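*Asks:* One structure follows; several queries about it will come next.
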Amino acid sequence: MSKAGVVRTILVLAVVAALELLCRLGVIDRVTMVPPSRMIVSLAEILAHGRFNADIAFTLGNVVAAAGLAIVAGFFIGAGLHALPRLRRALVPLLSAYYAVPTFVFYPLLIVAFGVGRTALIVMGAMFGVVAMIVNTALGLDHVPSAVARTGAVLRLDAVRRLLLIRLPAAAPHLVTGVKLAVAYAVIGIVAGEFILATAGIGKRIAYAYDNFDNATMYGLLLLLLIGVMIVNGALSAWEKRLHRRFGQR
Amino acid sequence: MTARRLDHVLLAAGLLALWQVVHWAVGPDVVSSPWATIVRAWQLIGTAAFWGHAAATATAFGLASLIAIAAGVALGLWLGLRRFAGDVADPVLGTLYSVPKITLYPLILLAFGLGVSAKIAFGVIHGLFPIAIFTMNAIRNVAPVFRRTALVMRLGPLATAATIMAPAALPEILAGIRIGVALTLLGTLIGELFAATSGLGFALIRAMDVHAVADILAITMLIFMFAASVNAILGLIERRARHGG
Numbered sequence: 322m323s324k325a326g327v328v329r330t331i332l333v334l335a336v337v338a339a340l341e342l343l344c345r346l347g348v349i350d351r352v353t354m355v356p357p358s359r360m361i362v363s364l365a366e367i368l369a370h371g372r373f374n375a376d377i378a379f380t381l382g383n384v385v386a387a388a389g390l391a392i393v394a395g396f397f398i399g400a401g402l403h404a405l406p407r408l409r410r411a412l413v414p415l416l417s418a419y420y421a422v423p424t425f426v427f428y429p430l431l432i433v434a435f436g437v438g439r440t441a442l443i444v445m446g447a448m449f450g451v452v453a454m455i456v457n458t459a460l461g462l463d464h465v466p467s468a469v470a471r472t473g474a475v476l477r478l479d480a481v482r483r484l485l486l487i488r489l490p491a492a493a494p495h496l497v498t499g500v501k502l503a504v505a506y507a508v509i510g511i512v513a514g515e516f517i518l519a520t521a522g523i524g525k526r527i528a529y530a531y532d533n534f535d536n537a538t539m540y541g542l543l544l545l546l547l548i549g550v551m552i553v554n555g556a557l558s559a560w561e562k563r564l565h566r567r568f569g570q571r
Numbered sequence: 518m519t520a521r522r523l524d525h526v527l528l529a530a531g532l533l534a535l536w537q538v539v540h541w542a543v544g545p546d547v548v549s550s551p552w553a554t555i556v557r558a559w560q561l562i563g564t565a566a567f568w569g570h571a572a573a574t575a576t577a578f579g580l581a582s583l584i585a586i587a588a589g590v591a592l593g594l595w596l597g598l599r600r601f602a603g604d605v606a607d608p609v610l611g612t613l614y615s616v617p618k619i620t621l622y623p624l625i626l627l628a629f630g631l632g633v634s635a636k637i638a639f640g641v642i643h644g645l646f647p648i649a650i651f652t653m654n655a656i657r658n659v660a661p662v663f664r665r666t667a668l669v670m671r672l673g674p675l676a677t678a679a680t681i682m683a684p685a686a687l688p689e690i691l692a693g694i695r696i697g698v699a700l701t702l703l704g705t706l707i708g709e710l711f712a713a714t715s716g717l718g719f720a721l722i723r724a725m726d727v728h729a730v731a732d733i734l735a736i737t738m739l740i741f742m743f744a745a746s747v748n749a750i751l752g753l754i755e756r757r758a759r760h761g762g
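If you read the sequences in order, they're chains A and B.
Okay, so the first sequence: first residue is 322 according to our numbering, each after it adds one.
Okay, so the second sequence: first residue is 518 according to our numbering, each after it adds one.
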């Protein structure tokens, strides 16, 4: 590990230790936060007991479906916008203000349209994630160097091959950024929906535990959610970095 | 310029038409018609209650933005100038930026209670990290020749920061502030959705409870127009700094 990595690990551990101490000493009262060690014990209990397995599977399935939808739809819309610069220029102000508005206020309308259940949550997550993918797809296609694009013409590749062999790899770093953000926003949309109204899911269980002052369960589930998000995000970031190195920083 | 204006008009017309089609397809219980929504928005603008909520949101959003910008820029400057501290903090900031902050809402509520401080805190945790990250990278990407100029002129750390680094890094920092302020608005509104007794987010959650479809769409439309205006103004400032610097 690098020197910075060592210092970082020590710092993070020190913060956790400080929190533990403050909780144990009662400076932070138990109603606000349970000690980190208790969170870990609670998380282990949740996983060992399996009482939330159905909820975990529910949320995970929804995130996968919503992110998948957002990525596929966002890719095609983004590619379409790239091909239509006039429409794109007009849309830019809307696209860049999109994430300032909590789209999940539309969730109750989706419930009316699709009923309480998976579909409304998945549509919600996809709606929140799709714009990140649209923007990054269009950006990625902008960044295909003209020399690379012309190589395709020189090699007399047909349109499909030019897309698969030249344009997509050249745009790959931005596409992965789009995928990473689409997943993150899909999680936000779905967890927010589950907080508001749902039949199952980690978000619903967290809200339920919060309402019942069951802090141990709530923090255990929070920790589970955060660790899950960090693992997925870390993996996608590592992939993104590798692609950036491979295709050069432009 | 006129062609551009025409494009915007065409786009607006297209979006309204699409909205109307969606309204016809799914019915008024899910999406109110554009005309009904605009009429409702106009009525809302005429009520004192709306402006009370708007003022509550604006106050919280303004304070949260100030805190996020001040703390984010200060943190970013420090981490950008100290190479090692930046290396230590970089992945931590990235993780904090990408964590879906909405999951932390119970923690924020328990720590800050229901009310204005909780929604400000929610706004700040959304906006702080992107601003810090952009500022740090902006400082790190300043051309080495500028740094050496500061050395040659024997400037102290404070003078270096104020007269060399800040102007050179300003466009990037402003880009970070633009993104951070948008997210601060999102955070403030989320805070209001879950933890407030006033504000536009609170008005939204009440409209959600009684299923007032036109109200939900009208308030969202007004928030969206506000967000787009703030974004456009900050974008303009950013472009000025880019060309002026």
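Built from N, CA and C at the ideal position, the CB exists for glycine as well.
Only a predicted model underlies this, so the values are computations on that prediction, with no experimental measurement involved.
Which same chain residues, not among the five before or five after Ile754 (chain B), have their C-beta less than 7 Å away from its C-beta?
*Replies:* On the second sequence, residue 754 (chain B) is found 237 positions in, with the first residue counted as 1. Excluding residues within five positions, the ones whose Cβ falls inside 7 Å are Leu691.
*Asks:* Report the rounded CA-to-CA distance for Ala720 (chain B) versus Val433 (chain A), giving the unit in angstroms.
*Replies:* Looking up residue 720 (chain B) in the second sequence gives position 203. Looking up residue 433 (chain A) in the first sequence gives position 112. Cα-Cα distance, rounded: 20 Å.
*Asks:* Comparing alpha-carbon positions, which option in A:Ile509, A:Lys562 and A:Ser323 lies nearest Phe601 (chain B)?
*Replies:* Within the second sequence, residue 601 (chain B) is the residue found at index 84, counting from 1. If we check each option's Cα against that of Phe601 (chain B), A:Ser323 comes out closest.
*Asks:* Please list, in chain order, the chain B residues whose beta carbon lies closer than 9 Å to that of Asn554 (chain A).
*Replies:* Sequence index remark: in the first sequence, residue 554 (chain A) carries index 233 (1-based). Those within 9 Å of Asn554 (chain A) in chain B are Gly611, Thr612, Ser615 and Val616.
*Asks:* Taking only the alpha-carbon atoms, compute the straight-line gap between Ile349 (chain A) and Leu627 (chain B) and give it to the nearest angstrom.
*Replies:* Here residue 349 (chain A) refers to the residue found at position 28 when the first sequence is read from its first residue. Here residue 627 (chain B) refers to the residue found at position 110 when the second sequence is read from its first residue. Straight-line Cα distance between these residues: approximately 11 Å.
*Asks:* Name the chain B residues that come within less than 7 Å of Arg372 (chain A), Cβ to Cβ?
*Replies:* Working through the first sequence from its first residue, we reach residue 372 (chain A) at position 51. In chain order: nothing, as chain B lies at least about 19 Å away.
*Asks:* Less than 8 Å between the CB atoms is what I'm expecting for Ala441 (chain A) and Phe449 (chain A), so what's the real figure, rounded?
*Replies:* Taking the first sequence and counting its residues from 1, one reaches residue 441 (chain A) at position 120. Taking the first sequence and counting its residues from 1, one reaches residue 449 (chain A) at position 128. About 13 Å separates the two Cβ atoms, so there is no contact after all.
*Asks:* With DSSP collapsed to three states, give me the class of Val349 (chain A).
*Replies:* As a first step, residue 349 (chain A) must be located in the first sequence, where it is residue number 28. The question names Val, but residue 349 (chain A) in the sequence shown is Ile. Ile349 (chain A): coil per DSSP, three-state reduction.
*Asks:* Let me make sure I understand the geometry here. Which of A:Phe534, A:Glu561, A:Ser558 and A:Arg563 has the alpha-carbon closest to that of Arg351 (chain A)?
*Replies:* Here residue 351 (chain A) refers to the residue found at position 30 of the first sequence. Closest option to Arg351 (chain A), Cα to Cα, is A:Phe534.
*Asks:* What did DSSP end up calling Thr737 (chain B) once you bin it into helix, strand or coil?
*Replies:* Here residue 737 (chain B) is taken as the residue at index 220 of the second sequence, counted from 1. Residue state, collapsed to three classes: helix.
*Asks:* Quick one, are the C-beta atoms of Ser582 (chain B) and Val659 (chain B) less than 8 Å apart?
*Replies:* Within the second sequence, numbered from 1, the residue matching residue 582 (chain B) stands at position 65. Within the second sequence, numbered from 1, the residue matching residue 659 (chain B) stands at position 142. No, the pair does not count as a contact, with Cβ atoms beyond the cut-off.
*Asks:* Taking Cβ to Cβ, would you say Val616 (chain B) is nearer than 8 Å to Leu364 (chain A)?
*Replies:* Residue numbering aside, residue 616 (chain B) sits at position 99 when the second sequence is read from its first letter. Residue numbering aside, residue 364 (chain A) sits at position 43 when the first sequence is read from its first letter. It is not a contact, given that the beta carbons lie outside the stated cut-off.
*Asks:* Rounded to whole angstroms, what is the Cα-Cα separation between Ala493 (chain A) and Leu484 (chain A)?
*Replies:* Position 172 of the first sequence, counting from 1, holds the residue named residue 493 (chain A). Position 163 of the first sequence, counting from 1, holds the residue named residue 484 (chain A). Approximately 12 Å between the Cα atoms of the pair.
*Asks:* Can you pull the chain B residues whose beta carbon is under 7 Å from the beta carbon of Val508 (chain A), in chain order?
*Replies:* For the purposes of this step, residue 508 (chain A) is taken as the residue at position 187 of the first sequence. The answer, in chain order, is Pro617.
*Asks:* For Ala375 (chain A), I'd like the list of residues in its chain whose CB is within less than 8 Å of its CB, leaving aside the five on either flank, ordered along the chain.
*Replies:* As a position in the first sequence, residue 375 (chain A) is number 54, starting the count at 1. Taken in chain order, the residues that qualify are Ala521.
*Asks:* Within 10 angstroms of the Cβ of Arg526 (chain A), are there 16 or more other Cβ atoms? Answer buried if so, exposed if not.
*Replies:* By one-based count along the first sequence, residue 526 (chain A) stands at place 205. Buried, since its Cβ has 16 or more Cβ neighbours within 10 Å.
*Asks:* Does Pro674 (chain B) have its Cβ less than 8 Å from a Cβ in chain A?
*Replies:* Start at 1 with the first residue of the second sequence, and residue 674 (chain B) comes out as number 157. For Pro674 (chain B), the answer is no, since every Cβ of chain A falls outside 8 Å of its Cβ.
*Asks:* Between the region 591-604 of chain B and chain A, which residues of the former have a C-beta closer than 7 Å to a C-beta of the latter?
*Replies:* Listed in sequence order: Phe601 and Asp604.
*Asks:* Taking 7 Å as the cut-off, is the CB of Ala575 (chain B) close to at least one heavy atom of the ligand MN?
*Replies:* Absence of the ligand MN is noted for the structure shown, with no ligands found whatsoever.
*Asks:* At which residues does the alpha helix (DSSP H) containing Asp463 (chain A) begin and terminate?
*Replies:* Taking the first sequence and counting its residues from 1, the one referred to as residue 463 (chain A) is at position 142. First-last of the alpha helix (DSSP H) with Asp463 (chain A): Arg439 to Asp463.
*Asks:* As an exercise, report each continuous alpha helix (DSSP H) stretch of at least 4 residues that is fully enclosed by the region 606-687 of chain B, in chain order.
*Replies:* Runs found: 622-629, 633-657 and 661-669.
*Asks:* Compute the Euclidean distance between the alpha carbons of Leu594 (chain B) and Val556 (chain B), then round it to the nearest angstrom.
*Replies:* On the second sequence, residue 594 (chain B) is found 77 positions in, with the first residue counted as 1. On the second sequence, residue 556 (chain B) is found 39 positions in, with the first residue counted as 1. Their backbone Cα atoms lie some 47 Å apart in a straight line.
*Asks:* In angstroms with no decimal places, state the Cα-to-Cα distance between Ala388 (chain A) and Ala503 (chain A).
*Replies:* Locating residue 388 (chain A) in the first sequence gives position 67, counting from the first residue. Locating residue 503 (chain A) in the first sequence gives position 182, counting from the first residue. Approximately 6 Å, taken between the alpha carbons.
*Asks:* Along chain A, in chain order, which residues have C-beta atoms closer than 9 Å to that of His728 (chain B)?
*Replies:* By 1-based counting over the second sequence, the position of residue 728 (chain B) is 211. Neighbours of His728 (chain B) on chain A, chain order: Pro429, Leu430 and Val433.
*Asks:* How is Ser582 (chain B) classed by DSSP in three states: helix, strand or coil?
*Replies:* Indexing the second sequence from 1 puts residue 582 (chain B) at position 65. Ser582 (chain B): helix per DSSP, three-state reduction.
*Asks:* Determine the direct distance from the alpha carbon of His370 (chain A) to that of Leu431 (chain A), and round the result to whole angstroms.
*Replies:* By one-based count along the first sequence, residue 431 (chain A) stands at place 110. By one-based count along the first sequence, residue 370 (chain A) stands at place 49. Going by the C-alpha atoms only, they are around 34 Å apart.
*Asks:* By Cβ distance below 7 Å, which residues in the same chain neighbour Pro688 (chain B) in space, the five residues on each side in sequence not counted?
*Replies:* What you label residue 688 (chain B) is simply residue 171 of the second sequence in a count that begins at 1. These residues qualify, in order along the chain: Glu755, Ala758, Arg759 and Gly762.
*Asks:* May I ask which residues mark the beginning and end of the alpha helix (DSSP H) holding Ile361 (chain A)?
*Replies:* Taking the first residue of the first sequence as 1, we reach residue 361 (chain A) at position 40. Where Ile361 (chain A) is concerned, the enclosing alpha helix (DSSP H) stretches over Pro357 to His370.
*Asks:* At a Cβ threshold of 8 Å, is Arg526 (chain A) touching chain B?
*Replies:* Taking the first residue of the first sequence as 1, we reach residue 526 (chain A) at position 205. It does not: the Cβ of Arg526 (chain A) has no partner Cβ on chain B nearer than 8 Å.
*Asks:* Of the choices B:Ala558, B:His525, B:Asp524 and B:Leu527, whose alpha-carbon is the least far from that of Ala729 (chain B)?
*Replies:* Residue mapping note: residue 729 (chain B) aligns to position 212 of the second sequence, counting from 1. Of the candidates B:Ala558, B:His525, B:Asp524 and B:Leu527, the one whose C-alpha sits nearest the C-alpha of Ala729 (chain B) is B:Ala558.
*Asks:* From what residue to what residue does the alpha helix (DSSP H) around Ser467 (chain A) run?
*Replies:* Translated into positions along the first sequence, residue 467 (chain A) becomes position 146. Element bounds for Ser467 (chain A): Ser467 to Val475.
*Asks:* At a CB distance below 7 Å, what residues from the region 529-545 of chain A approach chain B? Give them in sequence order.
*Replies:* Cβ contacts with chain B come from Tyr531, Met539 and Leu543.
*Asks:* Assuming contact is defined by CB atoms lying nearer than 8 Å, are Arg695 (chain B) and Leu751 (chain B) in contact in what I supplied?
*Replies:* Within the second sequence, numbered from 1, the residue matching residue 695 (chain B) stands at position 178. Within the second sequence, numbered from 1, the residue matching residue 751 (chain B) stands at position 234. Their beta carbons are under 8 Å apart, which means Arg695 (chain B) touches Leu751 (chain B) by this criterion.
*Asks:* Buried or exposed for Ile367 (chain A), going by 16 or more other Cβ atoms inside 10 Å?
*Replies:* Within the first sequence, the letter at position 46 stands for residue 367 (chain A). Label assigned to Ile367 (chain A): buried.
*Asks:* Look at the alpha carbon of Leu405 (chain A) and the alpha carbon of Arg671 (chain B), and state the distance between them as a whole number of angstroms.
*Replies:* Your numbering for residue 405 (chain A) matches position 84 in the first sequence. Your numbering for residue 671 (chain B) matches position 154 in the second sequence. C-alpha separation (whole angstroms): 52 Å.
*Asks:* Helix, strand or coil: which one does DSSP assign to Asp546 (chain B)?
*Replies:* Numbered from 1 along the second sequence, position 29 holds the residue referred to as residue 546 (chain B). Coil, per DSSP.
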